[in-house]
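Protein chains in written order, with our numbering: chain B, 1 to 225; chain X, 1001 to 1225. One structure is given below, encoded as structure tokens.
Protein chains: 2
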Amino acid sequence: MSKCEQCIIKQFNSLKALTKDELVRISGCKTSRIIKKGEIIFDEGETLNGVFCVKEGICKLSKLSENGKDQIVKMVVKGQLLGQRSLISEEASNLQAIALNDMEVCFIPKSEIFADLQKNSKFSFEVLKDMAHDLRDSDDIIVNMAQKSVRQRLAETLVYIRDSFGTNPDGTLSVLLSREDYANIVGTATESAIRVLSQFKKEKLISTVGKYIKIEDLAGLKRVE
Amino acid sequence: MSKCEQCIIKQFNSLKALTKDELVRISGCKTSRIIKKGEIIFDEGETLNGVFCVKEGICKLSKLSENGKDQIVKMVVKGQLLGQRSLISEEASNLQAIALNDMEVCFIPKSEIFADLQKNSKFSFEVLKDMAHDLRDSDDIIVNMAQKSVRQRLAETLVYIRDSFGTNPDGTLSVLLSREDYANIVGTATESAIRVLSQFKKEKLISTVGKYIKIEDLAGLKRVE
DNA sequence: AATAAAACATGACAGATATCATATTTAATT
DNA sequence: AATTAAATATGATATCTGTCATGTTTTATT
């Protein structure tokens, strides 16, 4: 099994603040896991006994609303930590995590994380900064949800996915989402998401290559009202 | 000037994790301030050089959206800290804070907070828990915004305000908000908020005493669809 | 390859909400 | 007390979005 102290992934998250000794210790009790596309990593209401460090792949974090629809709240990609919020507040998870493609994650037990939060203030400050960042993102999402149209939100989502998760060599968005996923990010009906995407296509803002979406007119998408 | 180590307010926020010595030190460099209703505590884009500990009163945190409307993202009341997110991420504030009634706050300089975050892991863990809690709240708000009707959101807002900020002796909500404020919490047009509140009144879910709102049928409000 | 199931697409329509217009009431200012 | 400004209220209308129905395409399964 690969060792945390040599893993490059940690450079991208709070674990970079840990000392070599701490990493060695964590390495000794972490477990690696392969998760298939579509698989549930953890469910809403489940108690997390640690955090996941995402080595490969991407997943969606969603919450079931009372009307039976999933709302995607965040996406977590290679390099990031998963489950830290619930771990810290010591509550059951308020979100469900599902892999959007094949993933590789390392599971680090709660006891290790808590020990390091106690001892290493640099580490806890990194986690704090991470969380502060998430909180700012959430504020933006709230404002968008409240004040913008479905058309605007979907356009922004496409740009966001491009900026955050990148594109394939042919220019298509590297993250493959179903129309239902798009609807669940934007907070609209699946039919509405489909309709708006069709419109974007007609307006030459995007094109599709198989199931993949390609942004053809980035400036145009950003201008959508 | 009153002393932090004797102040009861700190019991309600992360400052309770500080040692007596740390509190004495903070006490020495904090500044107390009275803020009048309607006054701006800090503005969007402003750099915060510390946090505010709210000794009395309540304020709203809002963000201006591109269409020129304010979205209220959170309310901060007596006992809570204000501005911690921006301080930690060392960015300009993404929110504006305005007093909803006369307030008394203590300002604690950034250097003090940072020093304690470095030294006192119990303190930084408390801040972490606070932030984790806020993040969970934000998730809930996102889901509500995306999936619920204006009517539902407004009903929930009234219940939330009752539960979080309490009532006056006559049963009216102790926090006095304009119809525009309600609209800015719910994320709707002021006219729509007014209309829905009028309906609630007709349906005997609420009543008004002057400018104050009284919840007459709590169960009914919770049942609103 | 055939069949079933899921995902995508589009039309028709109803309902929710925003916008604009205009009163009316309440609060602030002179 | 008179005047002005702000907040509240309500109607009319247009627009956006959700829902239901139906058809097509793509993917999975036998």
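Glycine is no exception: its CB is placed at the ideal position from the N, C-alpha and C atoms. A quick note: this is a predicted structure, and the numbers were derived from the prediction, not measured.
Query: Hey, how far is the Cα of Ile34 (chain B) from the Cα of Met75 (chain B)?; Result: 18 Å
Query: Would DSSP call Leu81 (chain B) helix, strand or coil?; Result: strand
Query: Closer than 7 Å between beta carbons: that is the criterion. Which residues of the segment 1042-1070 of chain X meet it against chain B?; Result: Lys1063, Ser1065, Asn1067 and Lys1069
Query: So that I know if they touch, is there some Cβ in chain X lying closer than 8 Å to that of Val196 (chain B)?; Result: no
Query: Is it the case that the segment 1126-1145 of chain X contacts the segment 129-136 of chain B, given that we only count it when at least three CB pairs across the two stretches are under 8 Å?; Result: yes
Query: For the segment 1140-1155 of chain X, which residues have a CB atom closer than 7 Å to at least one CB atom of chain B, in sequence order?; Result: Ile1141, Ile1142, Val1143, Met1145, Ala1146 and Gln1147
Query: Do Glu216 (chain B) and Lys204 (chain B) come within 8 Å of each other at the CB atom, strictly closer than that value?; Result: yes
Query: If you run the structure through DSSP and keep just helix, strand and coil, what is Asp70 (chain B)?; Result: strand
Query: Terminal residues of the continuous beta strand (DSSP E) containing Cys1053 (chain X)?; Result: Gly1050 to Glu1056
Query: Beta carbon of Cys59 (chain B), beta carbon of Ile9 (chain B): below 8 Å?; Result: no
Query: Taking beta-carbon pairs under 7 Å, can you tell me which members of the segment 120-142 of chain B lie near chain X?; Result: Ser121, Ser124, Phe125, Val127, Leu128, Lys129, Met131, Ala132, His133, Asp134, Leu135, Arg136, Ser138, Asp139, Ile141 and Ile142
Query: Pick from B:Glu112, B:Ser32, B:Asn184 and B:Thr172: whose alpha carbon is nearest that of Asp21 (chain B)?; Result: B:Glu112
Query: What does DSSP give as the partner residues of Pro1109 (chain X) in its beta bridges?; Result: X:Gly1050
Query: Might you give, ordered along the chain, the residues of its own chain that have their beta carbon closer than 7 Å to the beta carbon of Ser124 (chain B), omitting 5 neighbours on each side?; Result: Leu117
Query: Going by beta carbon distance, what residues of the same chain come within less than 7 Å of Leu48 (chain B), once the five residues before and after it are set aside?; Result: Phe42, Gly83, Ser86, Leu87 and Ser93
Query: Looking at the unbroken beta strand (DSSP E) that takes in Lys214 (chain B), where does it start and where does it end?; Result: Tyr212 to Ile215
Query: Within the same chain, show all residues whose beta-carbon is closer than 8 Å to that of Ala17 (chain B), passing over the 5 residues directly before and after it, in chain order.; Result: Asn120, Lys122, Phe123, Phe125 and Glu126
Query: Bridge partners of Cys59 (chain B), per DSSP?; Result: B:Val76 and B:Ala99
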